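Visitor: The sequence shown maps to residues 3 to 164 in my numbering. The C-beta atom is built at its ideal place from N, Cα and C for all residues, glycine as well. Fair warning: this is a prediction, and the values are worked out from it, not measured in the lab. I have a structure I would like to understand better, so I am pasting it below and will then ask my questions one at a time.
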Amino acid sequence: MRFSIILALLLALVPWQDVLAASDVYYQKGRYTVRKVEGTCKLEIALHHGKKQSGAILALFPTDDYYGEFFTQKEAIGLAHRRVQIQFDKNKPTTVPFVLDAAQKDGYWSWQYLESTDGLLKNVAKKRDMTVRFSNVKGNKYKYDVSLSGSGNAVKALKKCR
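Pasting the structure below:
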């Protein structure tokens, strides 16, 4: 059993408004933010069209000891449904299911934990483009195309974050 299950349960008990206030931004450039929350660093990739506010955020950790996180705007999108599909460059898409019954929400965001993020961080650092697809519980489909320009620096910052 992974340490992540315990972390997910603990995260469900945390008042998120307090955590966001207590988080430290270690690195931020463009759509990439490396944030340290209660001693744990993560890379957040903002998903949006053009210069709009983020509709979703993909959060990855520097180790497989933690689940990835997937945030969606509660009002605009709602809760994502069952899985997210991530494709790098022209490679075959990877389907990543959400951890069952671990969804949470606050006043602005809904979020879920990704079952497996194996290789995603490496691909973010090395590939040129990423496409993220998902649907919400109402069946609406969403697609975000992300240029990974500058992602290598963000991943390096994540690995240096202590």
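Using the rule of at least 16 other Cβ atoms within 10 Å of the residue's Cβ for burial, across every protein chain shown, is Y34 buried or exposed?
Guide: Position 32 of the sequence shown, counting from 1, holds the residue named residue 34. Looking at its Cβ environment, which holds 16 or more other Cβ atoms inside 10 Å, Y34 is buried.
Visitor: From L122 to D91, what distance separates their C-alpha atoms?
Guide: Looking up residue 122 in the sequence shown gives position 120. Looking up residue 91 in the sequence shown gives position 89. Approximately 13 Å, taken between the alpha carbons.
Visitor: So what does I47 bridge to, in DSSP terms?
Guide: The residue labelled residue 47 in the question sits at position 45 within the sequence shown. I47 is bridged to Y34, L60.
Visitor: Could you say which of C43, H50, Y144, K53 lies nearest to A61 if we only look at CA atoms?
Guide: Working through the sequence shown from its first residue, we reach residue 61 at position 59. Comparing Cα positions, the closest option is C43.
Visitor: Leaving out the 5 sequence neighbours to the left and right, which residues in its chain are closer than 7 Å to L150 when beta-carbon positions are compared?
Guide: For the purposes of this step, residue 150 is taken as the residue at position 148 of the sequence shown. Around L150: V126, K129, R130, D131, M132.
Visitor: Measuring alpha carbon to alpha carbon, tell me which of P64, Y110, V98, V27 ends up nearest Q55.
Guide: In the sequence shown, residue 55 corresponds to position 53, counting from 1. When only C-alpha atoms are compared, the closest one is Y110.
Visitor: The alpha helix (DSSP H) with K143 in it runs from where to where?
Guide: Residue numbering aside, residue 143 sits at position 141 when the sequence shown is read from its first letter. It is not in any alpha helix (DSSP H) - K143 instead sits in the beta strand (DSSP E) that spans 143–149.
Visitor: If you run the structure through DSSP and keep just helix, strand and coil, what is N155?
Guide: Within the sequence shown, numbered from 1, the residue matching residue 155 stands at position 153. Here N155 sits in helix by DSSP.
Visitor: If you draw a straight line from the C-alpha of L116 to the C-alpha of P95, how long is it?
Guide: Residue numbering aside, residue 116 sits at position 114 when the sequence shown is read from its first letter. Residue numbering aside, residue 95 sits at position 93 when the sequence shown is read from its first letter. Distance between the alpha carbons of L116 and P95 is about 15 Å.
Visitor: Have a look at the DSSP bridge pairing and note the partners of D26.
Guide: Stepping through the sequence shown from its first residue, residue 26 is reached at position 24. In DSSP, D26 forms a bridge with K38.
Visitor: Starting from L116, follow the beta strand (DSSP E) in both directions and report where the run begins and ends.
Guide: Walking along the sequence shown from the start, residue 116 turns up at place 114. Segment 111–116, the beta strand (DSSP E) holding L116.
Visitor: By DSSP's criteria, A82 is part of a beta bridge. Which residues make up the other side?
Guide: Translated into positions along the sequence shown, residue 82 becomes position 80. In the DSSP output, where bridge partners are listed per residue, A82 has N138.
Visitor: Give me, in chain order, the residues of the same chain whose beta-carbon lies closer than 7 Å to that of L160; leave out the 5 immediate sequence neighbours on both sides.
Guide: Stepping through the sequence shown from its first residue, residue 160 is reached at position 158. V36, C43, L45, P64.
Visitor: Taking S137 and H83 to be in contact with their CB atoms under 8 Å, please state how far apart those CB atoms are, rounded to whole angstroms.
Guide: The residue you call residue 137 lines up with position 135 of the sequence shown. The residue you call residue 83 lines up with position 81 of the sequence shown. Contact flag correct, Cβ pair sits at about 5 Å.
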